[in-house]
């Protein structure tokens, strides 16, 4: 990958002397852009460009070439790649269109290019892309009209070239720059996931921004992003929601689990901050690059006007933050600083005549408050002082603070100098209070992610799941072993008994009936199942068991089970002398409790997607559900549970008694490992899981296995 | 009110010759700003300013004065107002602070000013405000530094002066202007509601924008805004969510109904479009001022790059719009126009090389499609053509179209000329696809509101509610009449029987037991109650009625009730010869069905706030609820019902049979009239309302009445 970002020598194949051609623009951006290594131009016609000769063939270039930019028609690309391979070029960028995005012939051409690259250890970016920019080296392999983006500390990896180009122009207008920009195009070879580590290692990149339209290898993305996100923030705008089709499904979980839910769960697991709009993403990216992270979500708002202060306070709640409850000492200090008509209470309104010194003193006081994790300081155009004098008084405090201080500079023409002063000091500003609050909430989301990662326990791997997979013949390693008789063979719809068996195997208590053919067997089965138990006569000839006294409830010990066996058989023989009697069935007796749904579906990109929520028949209408990706840690399972009313209710609500939330989390974690370790399991769902004061029990369950 | 906006002569009290004083700035903005009427300056010191004499007293000015701007200290304001009154001034603007916003003394001063004004037919704007701007007259009574806002067609009424000032500066940077801007300050007299009609009648105002921190008279605001919104769009940013405290409540409805819910319901009823951020509000305001309204929500996206097209498509769904399903004829035409690799399917991707002519042809084709209600046309900086040439090709189509066409112009420096061309033609542009979609959704919300208003039936007034109010002594007119014995007197907690009586009186079927003392009375009561009925023996001495055969179910006719009466008395006398027997009770027998909650709470600003949703004990946790303001039309009641799962489920869901949704709507409308007509009714709630295949029945209900 280094060859893309720190090449010593670059060749431009298809360099052109016609200024309207892309082959001219690429040469120009590399040479006039100041790339510090060698740039060689190649075109069969030869000639001169920018004072240097154009080689007619790549092979004519003396010395090694690390990176080639191929400005050649799609049809000529395979041959050009072969020439690159012959020259031992390590990396190539293919801007041309006419490949997979066009038609089947283009797809075949793209496959051919990839094959040539793989055979020759050549990495490809593109085709159908804009290329690579590193503003710090500098390196610009694109054909975009100058000027290039300003230097900055954001990296942008984009699935859309046009979007990257528009963002570069827009960012210049907004006054911010980038460290690196890569347009990935069709991703025949190199993907965003491949480039994440190079951005993580780039000293000029402080924040990584992604524009994603899809993901090739979801599991690899999560693993890579999650590791990197612990060092550098990763932000993503993911489109394609509207294309997310419903999947064919047999379970509630399957019907409710969309590709969109899976992406949301994946970003959450990976610690990737997701946004709905480009502006929100870049507001947050700039804040993450510039400010320290807050230790909590309690925010002090400092303003010289009530309206913008209220706007900020309103936005806090919508973004999961709160107004800091300032200590009495802070309020006293503020009252000493402020005029009588001002408000020392948060939002702190210093009134319109607030001086630069008052701004600075109130900011220092707010920062010192232990209840205040962050400050938003609002500067509408001051009616009394030049607003830039206020900025000058605030800047040293902002740049030295260990807590984030986000300045809102409202207006345009009257605050041009103010914005410029902040920008020159590397401090981003926000046009409206709401946008500063949104950016601050991203800082908080990130500090929460880092806290969670620190507290995260290594997930238990539930070896039983792997063993079970092997025993069931799901695992390739077990293919040679015949299935034990009592383990169900894979089939489209697993019989209920088989699903219960699976759940039991992973350690989830179930209420499935089990057969015992003797008092001794009944007692030992009882010890295995746990108590209380229901015992029923097992006979193909007795349908209405309770009518003949063939059902015993509330069996609470092995002894009760033994004697119950004798009793129930005696009663049955007495009442139905003709009936064939096999023995008894035993099953866990479900006590009263709450009921929830637990499910998993196979996701094409992210292995198994887990669902938790309010069960019953209305689950699809009520949609009181949450999603997460398997395998779940206990923390992740708890977060899913707490997101739903069904989960919060487990702690009790008015007349509803508390239930065993721990047992639910345990079941959810175990089910996630089952789903994770058994790839042929397409859907599995417990509906309902009865949750009692102590323990939880799967009352009904279904599963689909794809052979 | 005219005196504020079309004064012939203005006096500036406290005009100053010191350029740093507000009294100088106001005189400057009026005189140099080009106000076409007379401007007179007043200051006890006299002198000259801007080449005209300063009068030492208001009374010295020859001729009439319509409007006075009082640049005097708070303490001097009452005296200044008296002088205005003596001069027969009709309106005054008081920018000064130091009134109600400061302390009790300031509040007293403000009350004094209001009293003087009321006594003398003088209207006040302020105190503690910035003043009034009309860019078209022009009139500028503010002290803001020039330049004034550009001319435009948006009016802004703001509760915050600082916010108005910042918005003026920001809007100039964004390239848009205003027709009128009023900063309202403390609203001692004139409120936003008072000014709405003047903006509605102003020919230069096409859209009215409000920045609200509170509302004084909620009911009047709704009435005024709803009437005006049918002519001109009203948009609002309402803050103060974070201050919305929980109200003390005895019912679920009371616990769930926040001031925030009430504002949301009020804006919905008034047809006021509400926004969360200033940028969103002004994006939508500009779109509403410039574009025709769409007849539906089906949108065609026209782009020269995939990424921005997908961004737009994604945003559609989030904003309640959809991708237009283009007709085969349109797709054929597009395929004829487009290169082979392009996508004719919506989003229509014309590829990067799209020419101005191709943009124009594809736009015309998309517009002609009957499935397409609106078009979003995306212009990233074109890599091939000057983007302004594309704009030039599109502009005539956009300005002549009967369907809205929203241009997205991405970037900054590369598209400056493009933006300017659109702006010069009065066509707003959007920096990102998401923002255009949000603005388009406002156009659609407005066209829906207008459609709804056209379809809205005059609400039935349920005269029974008013009569009932009178009979219960709730109405002042009925104070002289003693309460009939069987009607409950107002009390803190109404007894259940009284609540049932109230519901029955408004025509909501209830399952309350009613006493009959003879077969004839039972039959006539039965006809009144409806069927099926449950009959129970009425005796203070018989507690377990069913044990002695004292309960009859499924009575379906008056005859069955008559004969049942005889039967049940005979059985009771036989089994309990000693018991005192009063007669029988009859109550509606509730069939199986769905259950919902209906409630109303008295709102301090908006009369009665209605709630509908999933009932039971979990209503406060599940929060499957919707709010609306009483009195509800059938359309409004239906909209509330459809917003919840409980309501949608009434149409049936899988194994859940459909229930009588019409009966629910009927009950909700009737309950809203009861709550509307009975102001002492603080809370009333039916939980549950049993909804059967035919009809609905209140099974339990509670109410609180404040004396």
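Residue numbers (the working numbering), protein chains in the order written: chain A, 3 to 709; chain B, 3 to 709. From the three backbone atoms N, C-alpha and C, an ideal C-beta is built for every residue, glycine too.
Annotation for residue 386 of chain B: no alpha helix (DSSP H) segment contains it, and DSSP assigns it neither H nor E. For residue 74 of chain B, the CB contacts under 7 angstroms within the same chain, skipping 5 residues up- and downstream, are 15, 16, 82 and 98 in chain order. Nearest CB-CB separation between residue 704 of chain B and chain A: not below the 9 angstroms threshold. Going by C-alpha positions, residue 179 of chain B is about 28 angstroms away from residue 315 of chain A.
In its chain, beyond the 5 residues on either side, 12, 32 and 33 have a beta carbon closer than 6 angstroms to the beta carbon of residue 41 of chain A.
Against chain B, a Cβ distance below 8 angstroms from residue 161 of chain A picks out 309.
Nearest in C-alpha terms to residue 289 of chain A, of all of A:133, A:320, A:613 and A:410, is A:410.
The alpha helix (DSSP H) runs lying completely inside the segment 31-107 of chain A and spanning 4 residues or more are 79-88, given in chain order. Counting only runs that start and end inside the segment 229-305 of chain A, the beta strand (DSSP E) elements of at least 3 residues fall at 236-240, 275-277 and 300-305.
Between residue 56 of chain A and residue 44 of chain A the beta-carbon gap is near 7 angstroms, inside 8 angstroms, which marks them as a contact. Going by DSSP, residue 687 of chain A is part of the beta strand (DSSP E) stretching over 683-693.
Counting only Cβ-Cβ distances below 9 angstroms, residue 152 of chain B has no contacts in chain A at all, with the closest Cβ about 12 angstroms away. Per the Cβ contact rule, the segment 201-208 of chain A is not in contact with the segment 113-130 of chain A (fewer than 3 Cβ pairs under 8 angstroms). Partner residues in the beta bridge of residue 213 of chain B, as assigned by DSSP, are B:160 and B:239. If you draw a straight line from the Cα of residue 38 of chain B to the Cα of residue 139 of chain B, it is about 7 angstroms long. Taken in chain order, the whole alpha helix (DSSP H) runs of length 4 or more contained in the segment 589-628 of chain A are 621-624. For residue 180 of chain B, the enclosing beta strand (DSSP E) starts and ends at 180-185. The C-alpha of residue 236 of chain A is placed about 41 angstroms away from the C-alpha of residue 61 of chain A. Taking 9 angstroms as the threshold, the shortest C-beta distance from residue 689 of chain B to chain A does not fall below it. Against chain B, the beta carbon of residue 658 of chain A has neighbours under 8 angstroms at 619 and 620, listed in chain order. Near chain A, meaning a CB-to-CB distance below 9 angstroms, the residues of the segment 258-281 of chain B are 278, 279, 280 and 281.
The residue among A:501, A:190 and A:10 with its C-alpha nearest the C-alpha of residue 684 of chain A is A:501. One finds 308 and 343 in chain B with Cβ atoms closer than 9 angstroms to the Cβ of residue 103 of chain A, taken in chain order. For residue 670 of chain B, the uninterrupted alpha helix (DSSP H) run begins and ends at 663-679, by DSSP. Cβ contact annotation for residue 118 of chain A (same chain, cutoff 7 angstroms, sequence separation greater than five): 80, 83, 84 and 87, in chain order.
Residue 558 of chain B is classed as exposed because its beta carbon has fewer than 16 other beta carbons within 10 Å across all chains shown. Residues of the segment 282-298 of chain A with a C-beta atom less than 7 angstroms from some C-beta of chain B do not occur. By the Cβ neighbour-count rule, residue 121 of chain A is exposed, with fewer than 16 other Cβ atoms within 10 Å of its own.
Here DSSP, grouped into helix, strand and coil, assigns residue 577 of chain B to helix.
Residue 153 of chain A has A:180 as its beta-bridge partners, per DSSP. Residues of chain A with a Cβ closer than 7 angstroms to the Cβ of residue 241 of chain B are, in chain order, 312, 313 and 316. Only 213 and 215 from the segment 208-229 of chain B bring a Cβ to less than 8 angstroms from some Cβ of chain A. Here residue 446 of chain A is buried. Its C-beta has 16 or more other C-beta atoms within 10 Å. A Cβ of chain A is located within less than 9 angstroms of the beta carbon of residue 647 of chain B. In the structure shown, residue 432 of chain B adopts extended strand secondary structure according to DSSP, grouped into three states. Spatial neighbours of residue 217 of chain A in its own chain (CB-CB distance under 7 angstroms, excluding positions within 5 residues in sequence) are listed in chain order as 223 and 607.
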